Amino acid sequence: MALQKTVKNKLVFSGIGLHSGKTITMTIRPADAGTGIIFHRIDMNPAVSIEAEACNVVNTRLSTTIGKSNASVSTIEHLMAALYGCGVDNAHIDIDGPEVPIMDGSAAPFVAALNETGTKTLTKHRKYIVVTKPVTVADGDKKVTLFPSRYYRISFDMRFNHPVVSNQFKSMKFDEEKFAADFAPARTFGFLAEVETLKANGLARGGSLENAVVIGDDGILNEGGLRYEDEFVRHKILDSVGDFYLAGHRIIGHIKAFKSGHDLNHKLVTELLVRKDCWKLDECTGKQDHVAASLSIPELAFSEA
Ligand SMILES: [Zn+2]
């Protein structure tokens, strides 16, 4: 049986917000089974609590933002991916500003701290969204489909029209250790021309080479270069892990994304939650894939080639 988990102890992070440029302090606290992930804007009076669920998403431009009653928290996706990747189902997150600290632009600092603190196992079972029929959303040539599969897998196909970077494809069968080593350290990125436009519009004020990979006309501007040759597509998978966690439960299925981003990821989660004929919510006994196997769902619903 897979039991729910929370953080063992309190964790405090302090850092700047990518868009606001302000220093923000964030505390992750243990929560009871069934709580889910809840952000609390403790700088507001009274404090506003916002559940990290698709129904609370208010903006998907540049990052994923959740909000309620004039309060919002943006750039939640890297932290959500870290919580997912470290097995945390329930947590209270106190935050004193409108944005999760960007840290180094990846999920690695969150994953390292979560793994060091450790998790506490609770007494209730996890429930998984087991996909039984494909669900698709598209926007122009961008497309995301969630296929039935015995495992949680994300395959991402990203296209670049830039002389420095070419198209990238990667497929991740989710595994906590693999996620921590191969995906969590992949940083957010932007093109120099876009970064300048964002700054001129009052966005990305906290953005720097310390917290993002910046792609110039002739190459990567960061002194140390890339962390992986295909760091960009790894980051897109990391973003997707965070965005799809807003379904409220872990998914057993294969997400196949073509040129997707926060907006289309959110549309897929929303569509999935509406299409109740395409999945069942189930506690999994034994291995995580037990339910999918009992439903005769193949390991892979389509060829990877
Ligand atoms: Zn990101």
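Going from the sequence shown to this note's numbering is simple: count from 1 and add 5.
Ideal placement from N, C-alpha and C gives every residue a C-beta, glycine not left out.
On a predicted model such as this, the values are computed, not experimentally measured, just so you know.
Can you find the residues in the same chain that come closer than 6 Å, C-beta to C-beta, to residue i, ignoring five residues on each side of it along the sequence?
| i | result |
| --- | --- |
| residue 70 | 63, 64, 77, 79 |
| residue 183 | none |
| residue 84 | 105, 115 |
Give the secondary structure of residue i by DSSP, where H, G and I count as helix, E and B as strand, and everything else as coil.
| i | result |
| --- | --- |
| residue 85 | helix |
| residue 282 | helix |
| residue 248 | helix |
| residue 95 | strand |
| residue 231 | coil |
| residue 203 | helix |
| residue 138 | coil |
| residue 179 | coil |
| residue 275 | helix |
| residue 47 | coil |
| residue 236 | helix |
| residue 306 | Note that residue 306 has pLDDT 48, beneath the 50 cutoff, so the model's placement of it is unreliable and the number below is only indicative. Three-state DSSP puts residue 306 in coil, outside helix and strand. |
| residue 216 | coil |
| residue 107 | coil |
| residue 12 | strand |
| residue 194 | strand |
| residue 121 | helix |
| residue 153 | coil |
| residue 35 | strand |
| residue 24 | coil |
| residue 132 | strand |
| residue 90 | helix |
| residue 254 | coil |
Based on Cα-Cα distance, which residue from the options lies nearest to residue i?
| i | options | result |
| --- | --- | --- |
| residue 149 | 280, 271, 26, 130 | 271 |
| residue 141 | 132, 73, 269 | 269 |
| residue 67 | 54, 180, 81 | 81 |
| residue 164 | 172, 265, 158 | 172 |
| residue 206 | 24, 14, 45 | 24 |
| residue 132 | 254, 119, 50, 246 | 254 |
| residue 88 | 281, 72, 123 | 123 |
| residue 382 | 152, 145, 147, 146 | This structure cannot settle anything about residue 382, because the visible part of the chain is limited to 6 through 310. |
| residue 185 | 113, 159, 247, 147 | 113 |
| residue 247 | 276, 169, 159 | 159 |
| residue 214 | 15, 32, 229 | 229 |
| residue 277 | 51, 259, 252, 267 | 252 |
| residue 195 | 221, 115, 91, 108 | 221 |
| residue 57 | 274, 224, 144, 283 | 274 |
| residue 284 | 42, 103, 134 | 134 |
Run the CB neighbour count on residue i, radius 10 Å, all protein chains shown included, and call it buried at 16 or more, exposed below.
| i | result |
| --- | --- |
| residue 286 | exposed |
| residue 17 | exposed |
| residue 136 | buried |
| residue 94 | buried |
| residue 174 | exposed |
| residue 308 | Note that residue 308 has pLDDT 40, beneath the 50 cutoff, so the model's placement of it is unreliable and no number is given. |
| residue 198 | exposed |
| residue 167 | exposed |
| residue 49 | exposed |
| residue 216 | buried |
| residue 261 | buried |
| residue 265 | buried |
| residue 146 | exposed |
| residue 224 | exposed |
Hey, would you say the C-beta of residue i is under 7 Å away from at least one heavy atom of ligand 3?
| i | result |
| --- | --- |
| residue 198 | Ligands in the displayed structure: ligand 1; ligand 3 is not one of them. |
Leaving out five residues before and five after residue i in sequence, what residues of the same chain have Cβ atoms less than 7 Å from its Cβ?
| i | result |
| --- | --- |
| residue 200 | 209, 212, 219 |
| residue 191 | 111, 232, 233, 236, 239, 240, 243 |
| residue 38 | 9, 95, 127, 128, 129 |
| residue 203 | 209 |
| residue 14 | 122 |
| residue 26 | 210, 211 |
| residue 106 | 18, 19, 20, 21, 22, 29, 31 |
| residue 52 | 45, 46 |
| residue 188 | 177, 239, 242, 243 |
| residue 59 | 251, 252, 271, 274, 275, 278 |
Tell me which same chain residues have a C-beta within less than 8 Å of the C-beta of residue i, skipping the five on either side of it?
| i | result |
| --- | --- |
| residue 227 | 214, 218, 219 |
| residue 176 | 158, 159, 160, 161, 309 |
| residue 35 | 11, 12, 13, 14, 15, 95, 96, 97, 125 |
| residue 41 | 56, 57, 58, 94, 95, 253 |
Can you pull every residue whose C-beta falls closer than 5 Å to some heavy atom of ligand 1, listed in chain order? 193, 244
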